[in-house]
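Position one of the sequence shown corresponds to residue 7 (the numbering used here), numbered consecutively onward. Glycine residues also receive a C-beta, built at the ideal position from the N, C-alpha and C atoms. Everything numeric in this text was worked out from a predicted model, so none of it was measured.
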Amino acid sequence: MRLPCLLQLRILKLALKSLFSRPYTTRFPAAPYEPAPQFRGRPRFQKDDCIGCGACAEVCPSKCIDLLDEPAAPRPVRRLVQHLDGCIGCGQCERYCTTEKGIRLTNEYDFVGFRPQDFEEQVEKDLLLCEGCGGVIAPLDQLRWLARRLGPLAFANPTLMLVSHQELTVVDQGVRTDSPDAQRFQRVSIQCPKCRRKTALAV
């Protein structure tokens with residue numbers, strides 16, 4: 007079917023205009039490209055603002071953030087490891103961050119690597135262990151952040167009170183005992199909820 011002459015002229019005009027005009031694509035990598043402000047690029051942990059709570063690992067739909075606790079290490083730590091090769095850039099980690107500043111999406115888009123380690127982003131936080139059973143309570147930074155948010159109300163919980171005093175260098179360590187039976191002095195010690203309930207019921 008033959009196109010009308012007017013339509014053929016319009017197509018020819020568009021073809022000539024495209025031939026002699028600049029391309030709409032960017033010149034990357036020859037010239038740097040500046041993405042839009044709302045661009046969702048590489049996520050980065052902010053070490054000073056992250057409290058190690060693990061909320062980002064819980065909400066990640068692609069499960070590319072691993073939460074690894076090492077309570078038996080000489081220095082008990084929690085390690086959050088993000089595998090960027092599995093990240094889909096959804097922004098859920100930033101959206102549901104407890105402090106709203108612990109992990110942020112950047113404008114970085116041109117990261118490359120040759121090993122799996124090149125695509126890992128990680129942060130380490132000191133863990134607080136129960137003085138009764140030795141179980142993991144939470145990262146120290148998380149409890150300190152919680153004590154600051156609660157203010158004077160933090161003194162209703164002995165664990166939060168002792169953690170905030172440690173930050174003020176008032177208390178070096180809590181009270182420990184090898185006895186399997188709960189003791190009265192254990193009421194004011196760093197304990198997990200299970201051991202605190204056991205202590206409260208026993209004394």
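If you compare the alpha carbons of L133, T165 and Q14 with that of E76, the shortest gap goes to L133. Given a length threshold of 3 residues, each whole run of the beta strand (DSSP E) inside the stretch 14-79 is given here in chain order: 49-51 and 71-76. For P82, the three-state secondary structure derived from DSSP is coil. For Q98, the enclosing alpha helix (DSSP H) starts and ends at Q98 to R101. For D147, the enclosing alpha helix (DSSP H) covers residues L146 to L156.
Three or more pairs of CB atoms, one per stretch, sit closer than 8 Å, so the stretch 105-118 contacts the stretch 49-59. Rounded to whole angstroms, E130 and G138 show a C-alpha spacing of 24 Å. Note on D147: 16 or more other CB atoms within 10 angstroms of its CB, so buried under the neighbour-count rule.
Between the alpha carbons of T104 and L25 lies a gap of roughly 53 Å.
With respect to the C-alpha of G140, the residue from A78, T31 and F34 having the closest C-alpha is A78. DSSP links I109 through a beta bridge to F51. Ranked by Cα distance from A153, the first of K19, A21 and I57 is I57.
Cβ neighbours of C59 within its own chain (closer than 6 Å, five residues either side excluded): T104 and Q148.
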